[in-house]
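Take 1125 as the starting number for the sequence shown in my numbering and just add one per residue. No residue lacks a Cβ here, since even glycine has one placed at the ideal position from N, Cα and C. As the structure is a prediction and not an experimental result, all values here were calculated from the model. So the structure is just underneath, and the comments pick up after that.
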Amino acid sequence: MPDSKDFGQGVNDFFDSIKSEAESVSTMIPAVVTPTKQKPSPPKANPKPKQSVEELDRPKARAGRMPGRKNSKNNEPMEKITGRISVALKDEYVEWSLDDRVPLNDLVERALIEFHQRYRLQEQNASEHT
C-alpha cells in the first residue's frame, strides 16, 4: 500500500497540473472588462414645438349634444336599452345621420310609436268588421 505522504504529494501534483493548465488557458482568453456604474442622465426636456396649438388652423370638433330635441316629446323619463340591428342598416344610418343630425335613439322611438299606432288601427279595424 502506498505511503500516505506519497499519496498526498500525488494529489498536490494533480492540482498543480490543473492550475497550470487553467493559467495557460486564461492567458488565451481576453480579459473581460466590467463596465463601471454610471448615474443615468436626467431626461432631456422636449424641444419647443415649431408651432403652438393655437397657431394651427384646424376645424373645431363638435362638442356636447347634437342639436335638436333634448328629450322625448312628453318629457317622459327615459330608459337606456341595448339592442342589435343589421350591419347594413347601421351603415346606412351612419351615412345620413350626421347630415340630418338625428340620433339613433330618436329614430327607434319614432319607429316604435308608429308601429304601435298602426297596430292599434289594425285592431280597431278588425273589431269594427267583426
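Query: Secondary structure at residue 1209, three-state DSSP: helix, strand or coil?; Result: coil
Query: Measure the C-alpha to C-alpha separation of residue 1199 and residue 1170 and round it to an integer number of angstroms.; Result: 52 angstroms
Query: Please classify residue 1232: does DSSP put it in a helix, a strand, or coil?; Result: helix
Query: When DSSP labels each residue in this structure, what does residue 1169 get in the three-state scheme?; Result: coil
Query: Just checking my contact of residue 1243 with residue 1228 at CB under 8 angstroms: how many whole Å lie between their CB atoms?; Result: Between residue 1228 and residue 1243 the Cβ distance is about 22 angstroms, and since that is not below 8 angstroms, they are no contact.
Query: Using the three-state DSSP reduction, which class does residue 1200 fall into: helix, strand or coil?; Result: coil
Query: Would you tell me roughly how many angstroms separate the C-alpha atoms of residue 1205 and residue 1225, rounded to the nearest one?; Result: 21 angstroms
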